[in-house]
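Numbering (numbering that gives the first Met the number 0), first residue to last: 0 to 224. Don't be surprised by glycine CBs; every beta carbon is placed ideally from N, CA and C. Bear in mind the structure is a predicted one, so any value in this text is a computation, not a measurement.
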Amino acid sequence: MLTLSALAGAAGCNETTAGAQGNVLFTPDRCDLVGSGCTFDDSVAVGGTLIVHITGAEGSSTAGFDLQSDDPTVLSVQPVDDVGGKPTWELAGTGAGVARLVAVDPDGNDVDFLEVSVQEIDNLGLVNTIGDAVGGPVNDPDYHEIWTLNAGVETWFHVEPRAGTGRLMGVLQYDVVIDDLLDQNLVEGSDVVGGFYKINAPAGNYTLSVTADNGTPLDVLFQVQ
(Lines of atoms letter the chains of each structure in order from A and count residues from 1; the text may use other names and numbers.)
(Lines give C-alpha, C1' and ligand atoms only; values in the text may rest on other atoms or scores of the structure.)
Protein backbone atom coordinates (compact mmCIF):
# COMPACT_ATOMS: atom_id res chain seq x y z
CA MET A 1 0.00 0.00 0.00
CA LEU A 2 1.42 3.38 -0.96
CA THR A 3 1.84 5.87 1.84
CA LEU A 4 0.72 9.45 1.41
CA SER A 5 4.32 10.57 1.10
CA ALA A 6 4.93 7.94 -1.55
CA LEU A 7 1.88 9.10 -3.43
CA ALA A 8 3.14 12.66 -3.34
CA GLY A 9 6.44 11.60 -4.80
CA ALA A 10 4.81 9.39 -7.42
CA ALA A 11 2.41 12.04 -8.63
CA GLY A 12 4.95 14.59 -9.78
CA CYS A 13 8.61 15.48 -10.06
CA ASN A 14 10.28 17.40 -7.26
CA GLU A 15 11.89 20.66 -8.35
CA THR A 16 15.56 21.31 -7.66
CA THR A 17 16.58 24.87 -6.78
CA ALA A 18 20.08 26.28 -6.96
CA GLY A 19 21.39 28.13 -3.93
CA ALA A 20 21.97 31.88 -4.05
CA GLN A 21 25.65 31.39 -4.92
CA GLY A 22 25.04 28.63 -7.45
CA ASN A 23 27.24 26.08 -5.70
CA VAL A 24 24.68 23.69 -4.21
CA LEU A 25 21.39 22.28 -5.51
CA PHE A 26 18.56 21.79 -3.01
CA THR A 27 15.74 19.29 -3.69
CA PRO A 28 12.71 19.04 -1.35
CA ASP A 29 10.93 15.70 -0.97
CA ARG A 30 8.13 14.05 1.05
CA CYS A 31 6.39 17.40 1.43
CA ASP A 32 2.87 15.90 1.40
CA LEU A 33 1.69 17.75 -1.70
CA VAL A 34 -0.43 15.24 -3.60
CA GLY A 35 -0.80 15.75 -7.33
CA SER A 36 2.51 17.49 -7.94
CA GLY A 37 6.09 17.46 -6.81
CA CYS A 38 7.69 19.50 -4.06
CA THR A 39 9.19 22.91 -4.79
CA PHE A 40 10.71 25.67 -2.69
CA ASP A 41 8.51 28.07 -4.66
CA ASP A 42 5.91 26.96 -2.08
CA SER A 43 6.24 27.94 1.57
CA VAL A 44 6.55 25.44 4.39
CA ALA A 45 3.64 25.27 6.85
CA VAL A 46 4.33 26.10 10.47
CA GLY A 47 4.32 22.66 12.12
CA GLY A 48 5.00 20.87 8.83
CA THR A 49 7.97 18.63 8.07
CA LEU A 50 9.67 17.55 4.86
CA ILE A 51 13.08 16.32 3.78
CA VAL A 52 15.71 17.88 1.54
CA HIS A 53 18.62 16.45 -0.45
CA ILE A 54 21.65 18.35 -1.72
CA THR A 55 24.01 17.83 -4.64
CA GLY A 56 26.90 19.88 -5.88
CA ALA A 57 26.42 22.09 -8.91
CA GLU A 58 28.05 20.70 -12.05
CA GLY A 59 28.73 17.41 -10.28
CA SER A 60 30.92 18.80 -7.49
CA SER A 61 31.10 16.77 -4.28
CA THR A 62 29.03 17.54 -1.20
CA ALA A 63 30.59 14.75 0.88
CA GLY A 64 30.75 15.72 4.52
CA PHE A 65 28.52 18.76 4.05
CA ASP A 66 25.98 19.79 6.65
CA LEU A 67 22.83 21.88 6.43
CA GLN A 68 22.01 24.48 9.08
CA SER A 69 19.30 27.06 9.63
CA ASP A 70 20.26 30.65 10.36
CA ASP A 71 17.03 31.02 12.36
CA PRO A 72 15.76 27.89 14.17
CA THR A 73 12.75 29.85 15.43
CA VAL A 74 11.53 29.82 11.80
CA LEU A 75 13.06 26.63 10.37
CA SER A 76 14.74 23.75 12.18
CA VAL A 77 17.10 21.32 10.43
CA GLN A 78 18.38 17.92 11.48
CA PRO A 79 20.21 15.16 9.59
CA VAL A 80 18.37 11.90 8.93
CA ASP A 81 19.32 8.66 7.21
CA ASP A 82 20.31 8.90 3.55
CA VAL A 83 17.50 8.37 1.07
CA GLY A 84 18.42 6.67 -2.18
CA GLY A 85 22.09 7.16 -1.35
CA LYS A 86 21.64 10.92 -1.05
CA PRO A 87 22.57 12.92 2.06
CA THR A 88 19.25 13.95 3.60
CA TRP A 89 17.99 16.35 6.25
CA GLU A 90 14.57 16.92 7.78
CA LEU A 91 13.18 20.45 7.80
CA ALA A 92 10.45 21.60 10.18
CA GLY A 93 8.57 24.88 10.05
CA THR A 94 8.73 26.33 13.57
CA GLY A 95 7.44 29.87 13.06
CA ALA A 96 6.34 32.28 10.34
CA GLY A 97 9.15 34.08 8.54
CA VAL A 98 12.05 33.48 6.19
CA ALA A 99 15.15 31.50 7.15
CA ARG A 100 18.31 30.68 5.28
CA LEU A 101 19.08 27.01 4.75
CA VAL A 102 22.88 27.11 4.78
CA ALA A 103 25.17 24.47 3.26
CA VAL A 104 28.38 24.13 5.29
CA ASP A 105 31.45 22.26 4.07
CA PRO A 106 33.54 19.88 6.24
CA ASP A 107 35.84 22.79 7.20
CA GLY A 108 32.92 24.79 8.56
CA ASN A 109 32.72 27.23 5.65
CA ASP A 110 29.37 28.49 4.37
CA VAL A 111 29.27 27.32 0.77
CA ASP A 112 25.76 28.32 -0.29
CA PHE A 113 22.29 29.05 1.04
CA LEU A 114 18.64 28.98 0.07
CA GLU A 115 15.97 31.23 1.56
CA VAL A 116 12.97 29.20 2.75
CA SER A 117 9.62 30.80 3.51
CA VAL A 118 7.51 29.48 6.39
CA GLN A 119 3.87 30.54 6.79
CA GLU A 120 1.04 29.95 9.21
CA ILE A 121 -1.91 27.95 7.91
CA ASP A 122 -4.95 30.19 7.50
CA ASN A 123 -7.26 27.81 5.64
CA LEU A 124 -7.61 24.14 4.79
CA GLY A 125 -9.17 22.54 1.74
CA LEU A 126 -9.83 19.09 0.34
CA VAL A 127 -8.23 17.94 -2.90
CA ASN A 128 -9.96 15.07 -4.74
CA THR A 129 -7.13 12.93 -6.11
CA ILE A 130 -8.80 9.69 -7.28
CA GLY A 131 -12.44 8.99 -8.16
CA ASP A 132 -15.16 11.29 -9.43
CA ALA A 133 -16.35 13.86 -6.91
CA VAL A 134 -17.96 17.25 -7.37
CA GLY A 135 -17.76 19.96 -4.76
CA GLY A 136 -15.59 22.39 -2.89
CA PRO A 137 -16.01 25.56 -0.84
CA VAL A 138 -19.56 26.70 -0.11
CA ASN A 139 -21.28 29.59 1.63
CA ASP A 140 -22.94 27.49 4.30
CA PRO A 141 -23.33 28.15 8.04
CA ASP A 142 -22.31 24.60 8.97
CA TYR A 143 -19.76 23.49 6.39
CA HIS A 144 -16.73 24.94 4.65
CA GLU A 145 -16.99 22.40 1.83
CA ILE A 146 -19.68 20.07 0.47
CA TRP A 147 -18.81 17.19 -1.87
CA THR A 148 -21.03 14.83 -3.88
CA LEU A 149 -19.66 11.29 -4.37
CA ASN A 150 -20.81 8.16 -6.16
CA ALA A 151 -21.98 5.35 -3.88
CA GLY A 152 -19.83 2.23 -3.91
CA VAL A 153 -16.94 3.91 -5.74
CA GLU A 154 -13.59 4.41 -4.02
CA THR A 155 -12.79 8.12 -3.88
CA TRP A 156 -9.67 9.70 -2.39
CA PHE A 157 -9.29 13.05 -0.66
CA HIS A 158 -6.28 14.82 0.78
CA VAL A 159 -6.32 17.80 3.16
CA GLU A 160 -4.23 20.64 1.73
CA PRO A 161 -2.94 23.36 4.09
CA ARG A 162 -2.93 26.86 2.60
CA ALA A 163 -1.98 30.45 3.27
CA GLY A 164 -4.40 32.57 1.27
CA THR A 165 -4.66 30.78 -2.07
CA GLY A 166 -1.15 29.34 -1.88
CA ARG A 167 -0.60 25.74 -0.88
CA LEU A 168 1.89 24.93 1.88
CA MET A 169 4.41 22.11 2.11
CA GLY A 170 4.87 19.75 5.02
CA VAL A 171 3.61 16.58 6.63
CA LEU A 172 1.11 17.55 9.34
CA GLN A 173 -1.02 15.91 11.98
CA TYR A 174 -4.57 17.14 12.50
CA ASP A 175 -7.24 16.91 15.17
CA VAL A 176 -10.04 15.01 13.44
CA VAL A 177 -13.67 14.32 14.31
CA ILE A 178 -15.17 11.80 11.91
CA ASP A 179 -18.67 10.43 12.15
CA ASP A 180 -18.94 6.72 12.92
CA LEU A 181 -20.54 5.78 9.60
CA LEU A 182 -17.83 7.52 7.59
CA ASP A 183 -15.14 5.91 9.74
CA GLN A 184 -16.64 2.50 8.98
CA ASN A 185 -16.46 3.21 5.25
CA LEU A 186 -12.85 4.33 5.04
CA VAL A 187 -10.71 2.03 2.92
CA GLU A 188 -7.48 0.52 4.25
CA GLY A 189 -4.59 2.91 3.72
CA SER A 190 -6.44 6.00 4.91
CA ASP A 191 -4.52 8.21 7.35
CA VAL A 192 -7.16 9.94 9.44
CA VAL A 193 -4.91 12.27 11.47
CA GLY A 194 -2.62 12.77 8.47
CA GLY A 195 -5.48 14.13 6.36
CA PHE A 196 -5.77 11.35 3.76
CA TYR A 197 -9.17 9.69 3.23
CA LYS A 198 -10.10 6.81 0.92
CA ILE A 199 -13.88 6.62 0.98
CA ASN A 200 -16.09 3.84 -0.39
CA ALA A 201 -19.52 4.36 1.15
CA PRO A 202 -23.17 3.58 0.46
CA ALA A 203 -25.66 6.36 -0.18
CA GLY A 204 -26.05 8.79 2.68
CA ASN A 205 -24.62 11.92 4.27
CA TYR A 206 -21.31 11.83 6.16
CA THR A 207 -19.40 14.51 8.06
CA LEU A 208 -15.75 15.20 8.71
CA SER A 209 -14.13 17.95 10.81
CA VAL A 210 -10.40 18.60 10.56
CA THR A 211 -8.50 21.16 12.66
CA ALA A 212 -4.88 22.24 12.30
CA ASP A 213 -2.69 22.78 15.36
CA ASN A 214 -3.24 26.54 15.17
CA GLY A 215 -7.02 26.07 15.27
CA THR A 216 -7.76 26.49 11.56
CA PRO A 217 -10.88 24.37 10.86
CA LEU A 218 -12.30 22.47 7.92
CA ASP A 219 -15.85 21.11 8.23
CA VAL A 220 -16.97 18.90 5.36
CA LEU A 221 -20.24 17.26 4.31
CA PHE A 222 -20.03 14.29 1.93
CA GLN A 223 -23.27 13.58 0.07
CA VAL A 224 -22.98 10.06 -1.34
CA GLN A 225 -25.54 9.23 -4.03
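Terminal residues of the beta strand (DSSP E) in which residue i lies
{"i": "GLN77", "result": "74-82"}
{"i": "LEU90", "result": "85-92"}
{"i": "LEU207", "result": "203-210"}
{"i": "ASP41", "result": "ASP41 -> no beta strand (DSSP E), and no H or E assigned at all."}
{"i": "LEU49", "result": "48-55"}
Residue i vs residue j beta-carbon contact at 7 Å
{"i": "LEU123", "j": "PHE221", "result": "no"}
{"i": "ALA98", "j": "LEU113", "result": "no"}
{"i": "ASN199", "j": "VAL186", "result": "yes"}
{"i": "LEU49", "j": "MET168", "result": "yes"}
{"i": "VAL79", "j": "LEU100", "result": "no"}
Where residue i falls, given that 16 or more other Cβ within 10 Å makes a residue buried
{"i": "THR164", "result": "exposed"}
{"i": "ALA162", "result": "buried"}
{"i": "GLU159", "result": "buried"}
{"i": "ASP41", "result": "buried"}
{"i": "ASN13", "result": "buried"}
{"i": "PRO27", "result": "buried"}
{"i": "VAL72", "result": "Reading off the sequence, residue 72 comes out as Thr, not Val. Classification of THR72: exposed, given that the 10 Å Cβ count is below 16."}
{"i": "PRO105", "result": "exposed"}
Distance between beta carbons of residue j and residue i, contact taken as under 8 Å
{"i": "VAL45", "j": "GLU144", "result": "22 Å between Cβ atoms; not a contact."}
{"i": "ASP111", "j": "GLY194", "result": "Between GLY194 and ASP111 the Cβ distance is about 33 Å, and since that is not below 8 Å, they are no contact."}
{"i": "TRP146", "j": "GLY134", "result": "3 Å"}
Residue i - DSSP class collapsed to helix/strand/coil
{"i": "GLN20", "result": "coil"}
{"i": "GLY63", "result": "coil"}
{"i": "LEU32", "result": "coil"}
{"i": "ASP182", "result": "helix"}
{"i": "GLY194", "result": "coil"}
{"i": "GLN222", "result": "strand"}
{"i": "GLY165", "result": "strand"}
{"i": "GLY134", "result": "strand"}
is_contact[residue i, chain B] using C-beta, thresh 7 Å
{"i": "PHE25", "result": "Protein chains in the displayed structure number just one, and chain B is not present."}
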